[in-house]
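Residues in the sequence shown are numbered from 1235 upward in steps of one, following the numbering used here.
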Amino acid sequence: MDNKIKLDSGNIKSMLRRQNIQKNNANNGQTESKTVIDEQRSVTAENEQKKSANEKIIYSDIKNLNTDGVQSVVETEDVQKAIAEAIKTEEDILLEPVGDRRILPNVPDKNRTRTNIDRRGIVYKDDAVSNYEKSREKEETGKRYVVDYPVTMRITDEKGRRFTVKGTGQNLSSSGMLCSISSEYKTSVENSSLVELSFEIKPGTMPEGYEMKVKKIKAHWVRSLTDEKGMVKCGFQFNELLSQYVYRKRQRYMLSIASMFLFLVSLFIILLRAESVLYFEFNKILYFYSILAATFLLSRYLFGAFYRPTPINPDYTPGVSIIIPCFNEEKWIKRTIISCLNQDYPLDKLEVLVVDDCSNDHSRDRIAELLKRLEREEGYAARERVHFHVQPRNAGKREALAAGAKLAKYELLVFVDSDSFLDPFAIRNLVQPFQDKKVGGVSGRTDVANTFTNNLTKMQSVRYYIAFRVLKAAEGLFNAVTCLSGPLACYRKDLVLKYSEAWLNQRFLGQKATFGDDRAMTNFILRHHRTDYQDTAVCSTIVPNTYKVFLRQQMRWKRSWLRESFIAATFMWKKEPFMALSFYMGLLVPIIAPVIVIYNLIYIPLTHRVFPLTFLIGIMMMALLMSFAQLFLRRSSTWLYGVWFCLYYEAVLLWQMPVAWVTFWKSTWGTRMTAADLAELLKGDKKMAKKEGNV
């Protein structure tokens, strides 16, 4: 939900300050104000349309502020121009699946003509657990994606003659490809004995790991059709799955290389820390930190390697209520709702509640359109399974989630962000750890949906995958996950209702907590119950694609991390010893990291005239560890961006921590204009006005 800025507070502040100056100048008989108004009126009609929906947001929030006693000084034209300058984001690149003839193809048939194991009614002779694994494999294999790139077809006819045909790929799956060709080659292709296809899979058109050049993959023709333009489209089935081809041609080598380098990098880090032990007496604090940081990081990777998800029990299907809090999410909300409904889960045990927090864009229209469409479809029981609730006032994400929890009728609650999209098997996998009655909450795995938008999103994709598959998996090994992440998390309903009042009214250092809702609820649950991680429950989410939004998101996350980590520190010592030790190491290392970096990169070189080579090598080894772990586990072309993330963290993100030390009590959101953000904005403007002599 952070990917779109509702308003840029910096731009608005500058506009408000200029407004005050203009008023002062106007009082002195100057005409600068008129000049600025003329500039504002020159905004094009296109920009006016783009910002119209966003204007309503600020007006609504300011109105709410006024009811709390804060007087608004914002004039319409100033706000409009600030909004126009603020909402500059890059267009996201997402996978585009080919549409199915049914809106919810993975939902088990209400009349039970299709089973949960396979929607086409195919029954396997193996055990039921492996059947679900095969069902998911079939789903991934048959999933087609829209593509548009040139394809070279080397045709061998029945007489053994060879010739080449140029075409264009229309859609692609792991099992086959649809290509458009000129009608003159139709007969030759249909009578071919062998077809060899060559094409390049562009990043973002297939799931991560597929991006590569495919050369002469063997296939055979299966069908043809002619469109209204007279173009012939031929369907080809690969003789071996594309996933097998990719593994054979590239991924097995990547796996071997990654394994070797993971071992070498880990060994090198251990040797570096052995040096710290030898020289420990010369600088106890510095070398203690280096040993602590290396131990924490390597132990997380080690524990993550031992993690295994809870297997599926076909007979365990508890009732699940999915709650989607929504605020101005018109772009993604329909896709989110469809992904939550399109689950391989019993119809009579799954409901979806969409709670709108007084959106001022077209979110409610999009939701209404989707509900009408679902009601026209037979077999989905949409009227009984989908519920839409609008909050009486804009109260925030926690209030929306709590309202949904009160309306839910099932024993498990799944919280899903309104810009996150669930895998069709996510819910079935997510509920499995609750077979242990001591488990109070479970986190699923969150991947990045817009990975290939730009370098920033690629960097975040690596970070997300390692954070979940390694770091969160390590916590899951001890049933003590410290953050059940917002995009996909499941809780016992009785526990959410038990702690909801304290959660809604949470205050820290006198300030109301408005963000960090996932970590806060996790702490309430984790104090007396187990929390787990289920890697096979997968969702994908939209991440920021501009550095401005990304940095604000990270600042907010660091503040909530500090607040909730201090709270968790009061009870984590009661958990499993290895987990408790790892937690306290993980709390200490990031907090004092800025001091260590300054000491090594500034103090030591200036005072002792020594270049910090060992320290820089240590940073590079940590970065390579992340990259090679990504290469080993996912075999994606994005693996190198792990190095970039670590370097960016040391150069930029690390220095947000000192700011968070002294501002973690703040309740402003940063990436959207909540009431707290607007109050802060107007407070700053008032101070500036006093300095300008305008009050």
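Backbone N, C-alpha and C define an ideal beta-carbon position, used for all residues, glycine too.
Predicted model, so just to flag it, every value in this text is computed and none were measured.
I think residue i touches residue j, with their Cβ atoms under 8 Å apart; what is that distance to the nearest whole Å?
i: N1340; j: Q1577; result: 6 Å
i: E1798; j: F1712; result: Incorrect: roughly 18 Å between the Cβ atoms, too far for contact.
i: C1413; j: M1440; result: The pair is not a contact, with the Cβ atoms about 16 Å apart (cut-off 8 Å).
i: T1765; j: V1715; result: 4 Å
i: K1631; j: T1872; result: Not a contact, Cβ separation roughly 30 Å.
i: E1442; j: R1868; result: 6 Å
i: L1581; j: A1615; result: 6 Å
i: F1497; j: G1410; result: Going by Cβ atoms, the distance from F1497 to G1410 rounds to 38 Å, so no, they are not a contact pair.
i: R1619; j: E1564; result: In fact, because the Cβ distance is near 22 Å, the residues do not count as touching under 8 Å.
i: V1749; j: R1790; result: Checking the sequence, you will find Phe at residue 1749 rather than Val. About 5 Å separates the two Cβ atoms, so the contact holds.
i: P1635; j: D1751; result: Residue identity check: residue 1635 is Leu in the sequence provided, not Pro. So it is a contact: roughly 7 Å between Cβ atoms.
i: S1654; j: T1570; result: 6 Å
i: N1425; j: V1332; result: That pair is no contact at about 27 Å.
i: G1438; j: F1686; result: 3 Å
i: A1660; j: C1773; result: 6 Å
i: D1591; j: A1629; result: 7 Å
i: I1557; j: A1492; result: That pair is no contact at about 39 Å.
i: V1380; j: I1389; result: In fact, because the Cβ distance is near 25 Å, the residues do not count as touching under 8 Å.
i: L1888; j: F1784; result: 15 Å between Cβ atoms; not a contact.
What three-state label does DSSP hand residue i in the structure shown?
i: H1623; result: strand
i: P1559; result: strand
i: F1659; result: coil
i: E1585; result: strand
i: V1313; result: Legend: pLDDT at V1313 = 45, less than 50; position of this residue unreliable, no value from coordinates given.
i: I1825; result: helix
i: Y1379; result: strand
i: G1675; result: strand
i: S1593; result: coil
i: P1331; result: strand
i: S1654; result: strand
i: V1831; result: helix
i: V1341; result: coil
i: V1665; result: coil
For the beta strand (DSSP E) that residue i lies in, which residues bound it at each end?
i: S1774; result: R1764 to T1775
i: D1391; result: P1384 to D1391
i: K1400; result: R1396 to L1406
i: V1650; result: L1646 to V1650
i: L1412; result: G1410 to I1415
Starting from residue i, trace the alpha helix (DSSP H) in both directions and tell me its first and last residue.
i: I1571; result: I1567 to L1575
i: F1849; result: L1847 to R1868
i: L1881; result: Y1875 to A1885
i: G1538; result: K1518 to F1540
i: T1791; result: Looking at the sequence provided, one finds Trp at residue 1791 rather than Thr. That run of the alpha helix (DSSP H) goes Y1781 to A1802.
i: A1636; result: K1631 to L1641
i: A1894; result: Q1890 to T1897
i: M1839; result: Here residue 1839 is Pro; the residue named in the question, Met, does not match the sequence. Segment I1838 to H1842, the alpha helix (DSSP H) holding P1839.
Can you find a CB in chain D that lies within less than 8 Å of the CB of residue i?
i: S1861; result: The question asks about chain D, but that chain is absent: this structure has only one protein chain.
_Uninterrupted beta strand (DSSP E) stretches inside the region 1419-1503 (no shorter than 3 residues)_ = 1426-1434, 1447-1460 and 1466-1472
*asked:* Under 8 Å: do the region 1715-1734 and the region 1644-1652 share three or more Cβ pairs, one atom per stretch?
replied: yes
*Which full runs of the alpha helix (DSSP H) of 4+ residues lie inside the region 1680-1760, going along the chain?*
1689-1700, 1707-1710, 1727-1738 and 1751-1760
_Using 8 Å as the cut-off, can you tell me whether the region 1695-1712 makes contact with the region 1755-1774, which would need three or more C-beta pairs spanning the two stretches below that distance?_
Judged by Cβ distances under 8 Å, the region 1695-1712 makes contact with the region 1755-1774, as three or more pairs qualify.
*If you pair each beta-carbon of the region 1754-1764 with each one of the region 1672-1679, do three or more pairs fall below 8 Å?*
When C-beta atoms of the region 1754-1764 are compared with those of the region 1672-1679, three or more pairs fall below 8 Å, so the two segments count as touching.
*asked:* Does the region 1794-1808 come into contact with the region 1816-1823, if we say contact requires no fewer than three beta-carbon pairs (one atom in each stretch) closer than 8 Å?
replied: Counting Cβ pairs under 8 Å, three or more are found: they touch.
*Given 8 Å, three or more beta-carbon pairs between the region 1369-1380 and the region 1414-1432*: no
*Can you find at least 3 beta carbon pairs, one from the region 1884-1899 and one from the region 1828-1836, that sit closer than 8 Å?*
yes
*Counting pairs of beta carbons, one from the region 1523-1539 and one from the region 1498-1514, are three or more of them closer than 8 Å?*
They touch, by the three-pair rule.
*When the Cβ atoms of the region 1447-1454 are set against those of the region 1426-1437, are three or more pairs found closer than 8 Å?*
yes
*Pair every Cβ in the region 1872-1885 with every Cβ in the region 1847-1861, then say whether three or more of these pairs are closer than 8 Å.*
Result yes; three or more Cβ-Cβ pairs closer than 8 Å.
_Within 8 Å, do at least three Cβ pairs link the region 1456-1469 to the region 1481-1494?_
no
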